[in-house]
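Chains as they are written, first to last, in the working numbering: chain X, 1 to 101; chain B, 1 to 101; chain H, 1 to 101; chain U, 1 to 101.
4 protein chains.
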Amino acid sequence: MNAIAEFTIIPIGTGVSLAEYVAACQRVLEKTGLSYELHANGTNLEGEWDQVMHAIKSCHVKLHEMGVPRISTIIKIGTRTDREQTMAEKIAGVRAELEKG
Amino acid sequence: MNAIAEFTIIPIGTGVSLAEYVAACQRVLEKTGLSYELHANGTNLEGEWDQVMHAIKSCHVKLHEMGVPRISTIIKIGTRTDREQTMAEKIAGVRAELEKG
Amino acid sequence: MNAIAEFTIIPIGTGVSLAEYVAACQRVLEKTGLSYELHANGTNLEGEWDQVMHAIKSCHVKLHEMGVPRISTIIKIGTRTDREQTMAEKIAGVRAELEKG
Amino acid sequence: MNAIAEFTIIPIGTGVSLAEYVAACQRVLEKTGLSYELHANGTNLEGEWDQVMHAIKSCHVKLHEMGVPRISTIIKIGTRTDREQTMAEKIAGVRAELEKG
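Structure (structure tokens):
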């Protein structure tokens, strides 16, 4: 089952700057081979459900290894059976609508 | 890695009433043996990360089998290494603070 | 426009225990007169859209006053025009489906 | 109080394709004068808390006017008092960490 997902990982009980942890998580994602993209409020990724979820779990494991005592993560995950769809196609669909005026 | 989670599963491309699908998902959870609790905006559950995520995936599978063409789910998942904590303890901790006045 | 909502407020850059802040937020909600209910992963509330959003904003203001330097909040908010619905009715609808067996 | 936010608006009880509604919402945002950016799983925006929330509410109003009977929206909203920060700076902070290697 293919999925388009997004997650935002929030370290708790650390300092106020989180960039170090977000970067560590990006490196974890890089190794998964999944397609992913950082944005201002999270990271989008797509792939087989289990691979996507394993990638997010790996980020939790990594951050705990870095000493983060508590993590709260928000995930959005979408699946569909009517047709296949990529993240790029979702964006393209909206842009096409916008061009209709 | 133990986790406290919540998910809200939103069927897309069906009718406006979703109770039937939420109920089907509750039955899926019943079979998992995990501790879970329905509330007005989602379902809380706790357990081993992989079991929790497998339960949510099983809800997607079930709803697609029921004919739902597209599903969008929001998950919150928390892990901590400083101590073990249950959902009941989270609530109790806040209640204890409230009683301090 | 009436809304059923949920929010989870996550203080960043503080200690690992958040119960103190969740309790402070409950006290803020108590003063709003809105119907609300704490659960293990957030707080449900219902009312006029603007009142709901003002209540959540007031929690941010309160926590910043308490010294929390950074806050990340997740809100779910639902509106519908087909009929009025309360949080209790959402739960009741699922329970009715479950009883159908 | 300045905020960095993200929202994902999910029409319920309509067809399986949502691009039309996402596009309508982008047009609503265009009129607000706020800085916003569509991504594969939502839209990021930033500005004064009340303006951000009013923009999201305006999307609900617009979609209901288009005939959507029910809408479920997920919002992430962050505020901080330690320093000002833009969406671009959040991304830049992570990129700087990644370049450290």
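Cβ atoms here follow ideal geometry from the backbone N, Cα and C, with glycine treated the same way.
Item                                                                                                                                                                    : Value
Rounded to the nearest angstrom, how far is the Cβ of residue 71(B) from that of residue 7(B), given a contact under 8 angstroms?                                       : About 11 angstroms separates the two Cβ atoms, so there is no contact after all.
Spell out whether any CB of chain X is found under 8 angstroms from the CB atom of residue 95(H).                                                                       : no
Is the shortest distance between the beta-carbon of residue 61(B) and the beta-carbons of chain H less than 8 angstroms?                                                : no
State yes or no: is the C-beta of residue 12(U) within less than 8 angstroms of the C-beta of residue 40(X)?                                                            : no
So which residues on chain B does residue 22(H) lean against when the C-beta distance must stay under 7 angstroms?                                                      : 94
Determine the direct distance from the alpha carbon of residue 18(U) to that of residue 94(X), and round the result to whole angstroms.                                 : 8 angstroms
Pop quiz: residue 20(U) and residue 99(X) are said to be a contact at Cβ under 8 angstroms. What is the actual Cβ separation, rounded to whole angstroms?               : Not quite, the Cβ-Cβ distance comes to about 12 angstroms (not below 8 angstroms), so this is no contact.
For a contact meaning CB atoms closer than 7 angstroms, what does residue 74(X) contact in chain H?                                                                     : 74
For residue 16(B) and chain U, any beta-carbon pair shorter than 8 angstroms?                                                                                           : yes
Assuming contact is defined by CB atoms lying nearer than 8 angstroms, are residue 60(X) and residue 73(X) in contact in what I supplied?                               : yes
Below 9 angstroms between beta carbons is the criterion; list the residues of the segment 36-52 of chain H that meet it against any residue of chain B, in chain order. : 37, 38, 39, 40, 41, 42, 44 and 46
Grab me the residues of residue 78(H)'s own chain with a C-beta within less than 8 angstroms of its C-beta, minus the 5 sequence neighbours each way, in chain order.   : 3, 4 and 5
Near residue 42(H), which residues of its chain fall below 7 angstroms by C-beta distance, leaving aside the five closest residues on each side in sequence?            : 6, 7 and 8
Thinking C-alpha only, which one of 48(H), 16(H), 62(H) and 68(H) is nearest residue 34(H)?                                                                             : 48(H)
Does the beta-carbon distance from residue 28(B) to residue 62(B) come in below 8 angstroms?                                                                            : yes
Measure the CB-CB distance between residue 46(U) and residue 87(U) and report whether it falls below 8 angstroms.                                                       : yes
For chain C, find out if any of its Cβ atoms is closer than 8 angstroms to the Cβ of residue 78(B); answer yes or no.                                                   : Going by chain labels, chain C is absent from the structure shown, which instead holds the protein chains X, B, H and U.
Give a yes or no on whether the C-beta atoms belonging to residue 75(H) and residue 38(B) are separated by under 8 angstroms.                                           : no
Which residue wins for smallest C-alpha separation from residue 10(X), given the options 101(X), 68(X) and 32(X)?                                                       : 68(X)
Which residues of chain X have a Cβ atom closer than 9 angstroms to the Cβ of residue 10(H), listed in chain order?                                                     : 10, 12 and 72
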